[in-house]
Amino acid sequence: MICPYCNKEMERGIIEAKSPPIWTKRQKVTILKRKDEIALSDFMKTEYSAAYYCENCRKIIIDIDEAVSYLDVD
1 MICPYCNKEM ERGIIEAKSP PIWTKRQKVT ILKRKDEIAL SDFMKTEYSA
51 AYYCENCRKI IIDIDEAVSY LDVD
């Protein structure tokens, strides 16, 4: 993926966390996903959303529609 900020190539990986990563607009006290939140992975599966890192800009872009197996990151 090309970085939309600097037009350099980004490195593909995943966001890893101890609980399923969830995008939310408010602070959470539970790991359960609400209807208006977006899960970046499913703790019952071995797939994650692809995350692209730009070393130049130090930004990460997450593609929630691109499933990546943990073993496919290399």
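If you read the sequence shown in the numbering used here, its first letter stands for residue 1, the second for the next number, and so on.
Virtual Cβ for every residue (Gly too), placed ideally from N, Cα, C.
Backbone CA spacing between residue i and residue j [nearest angstrom]
i   : j   : result
K33 : E66 : 20 Å
I62 : I14 : 8 Å
I2  : Q27 : 32 Å
Y52 : K35 : 26 Å
P21 : I60 : 14 Å
Residue burial classification, residue i (beta-carbon count within 10 angstroms, cutoff 16)
i   : result
Y48 : buried
A50 : buried
C6  : exposed
S41 : buried
Bridge partner(s) assigned by DSSP for residue i
i  : result
E9 : I2
Local conformation of residue i per DSSP, three classes
i   : result
D63 : strand
S69 : strand
C57 : coil
A39 : strand
I15 : coil
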